Amino acid sequence: MKAKLGMSPIAWWNDDLAELSDDVSLEECLRQSRSAGFTGMEMGRRFPSDPEIMLPILKEADVTLCGGWFSGTLVDEDMAKNRDRIQPMIDLFKAVNAPCIVYGEVGRSIQGDRSKPLATKPRLSDDEMKAYARRLTQFGEWCAKQGMPLSYHHHMAAVVETEPELDAFMRYSGEGIPLLLDAGHLAFAGGDVLRAIDNHHQRINHVHVKDVRMGVIEKLDRQKQSFLDAVALGAFTVPGDGSLDFGAIVERLANYGYEGWFVVEAEQDPRKNPPLKMAQVGYKELMRVMTAAGYTVETQGFPNA
């Protein structure tokens, strides 16, 4: 089985918390992650939107674009508005041969609002979840027809956060909307990562290997503290530096034959946890557990052809 290892630039620049950002260029970010061993990088705010500009940067760094976040609003807004907003991203991702676009629901979400405590997260009724899941399926099918598959990201402080919410979303949606499994977000939400893999492995097409510091999470006052408060306090980190057993997680995915990207997405204070050092810690741990699970990790970055 083959696997690829990527990173998210959120370790270097945080889009929601400017104070958790290193003043480094895109080129330096790519250089650091590649020097640690990673061959892919998800898109961040400092990436150019023109493939003619992006491709030479990726080639110089020997890195491929392995995904990127789209802020979807299908819980409230119609398909047409989301299609119009995602079309330029589809065109860009196709031009640079990215594997998928990560769909993150921001409608009703409090993930970017530091004034909203975790306990006030939005909740959908069963009928609302059913209708939402059906819209996402249709949207995912439309994106795939344009030549770019989606990957649905369950997320803290959003409408699909908890394991029961994920189960309901998956039950009501169809194969047209694949799943991004994020170990850290599910663990933060009190879910069982291994059980989620057992239940939904057939739909997983992208994996975020985000670790958590459960000591930080367990001390949160969810009636007062927000998702961004938790991030600032250090709730997330890289594999090998947190509380999750990635040996078991990777082995479970391997048992079901998952092949593809494992992306380290770990937002935290770069002054306390320098991104290059954390990238090296994450890569070392992932290589250890992937080798044990029988994966061959691909080492080629930017394609030679």
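Per our numbering, the very first residue in the sequence shown carries number 5; after that it's consecutive. The beta-carbon is built from N, C-alpha and C at its ideal position, and this holds for glycine as well. If you're wondering where the values come from, they're calculated on a predicted model, not measured in any experiment.
- The DSSP-derived three-state label of Phe143 is helix.
- For Ile181, the secondary structure class from DSSP, reduced to helix, strand or coil, is coil.
- Comparing C-alpha distances from Ser230 to each of Asn277, Lys120, Cys104 shows the shortest one belongs to Lys120.
- Counted as a single uninterrupted DSSP element, the beta strand (DSSP E) harbouring Met45 occupies residues 44 to 47.
- About 5 Å separates the beta carbons of Ala283 and Ser37, which is inside the 8 Å limit, making them a contact pair.
- Residue range 218 to 222 is occupied by the alpha helix (DSSP H) that includes Glu222.
- Under DSSP, Gly10 shares a beta bridge with Gly44, Val267.
- Proximity to Phe250 across Leu232, Val197, Gly238 peaks at Val197, based on C-alpha coordinates.
- Exclusion of the five residues before and after Leu30 leaves Arg50, Phe51, Ile61 as the residues of its chain whose Cβ lies within less than 7 Å of its Cβ.
- For Thr300, the beta-bridge partners assigned by DSSP are Lys6.
- Closest by C-alpha distance to Arg127, out of Arg118, Val254, Ser113, is Ser113.
- Counting every other CB atom within 10 Å of its CB across the protein chains shown gives Asp215 a total of 16 or more, marking it as buried.
- By the Cβ criterion, the stretch 178 to 194 is in contact with the stretch 157 to 164, since at least three pairs of Cβ atoms, one from each stretch, lie closer than 8 Å.
- The beta carbon of Asn18 is closer than 7 Å to those of Leu24, Ser25, Glu271 in its chain, skipping five residues each way along the sequence.
- Judged by their CB atoms, Ile221 and Cys147 are not nearer to each other than the 8 Å cut-off.
- Shown here, His159 sits in coil according to DSSP, grouped into three states, outside any helix or strand.
- In this structure, the alpha-carbon of Asp131 lies about 44 Å from that of Leu59.
- Annotated three-state conformation of Asn209 is strand, per DSSP.
- In the structure shown, the three-state DSSP call for Val106 is strand.
- Residue state for Ser230 is assigned as coil, using DSSP reduced to three classes.
- Excluding sequence positions up to five before and after Ala40, its CB lies within less than 6 Å of the CB of Ala283, Gln284, Tyr287, all in the same chain and listed in chain order.
- The Cβ atoms of Ile105 and Gly72 sit closer than 8 Å to each other.
- Of the candidates Lys276, Lys228, Met174, Lys228 places its Cα closest to the Cα of Asp117.
- The beta carbon of Gly246 lies closer than 6 Å to those of Asp215, Val216, Arg217 in the same chain, with the five residues before and after it left out.
- Going by DSSP, Phe74 is part of the beta strand (DSSP E) stretching over 68 to 76.
- Going by DSSP, Asn203 is part of the alpha helix (DSSP H) stretching over 197 to 204.
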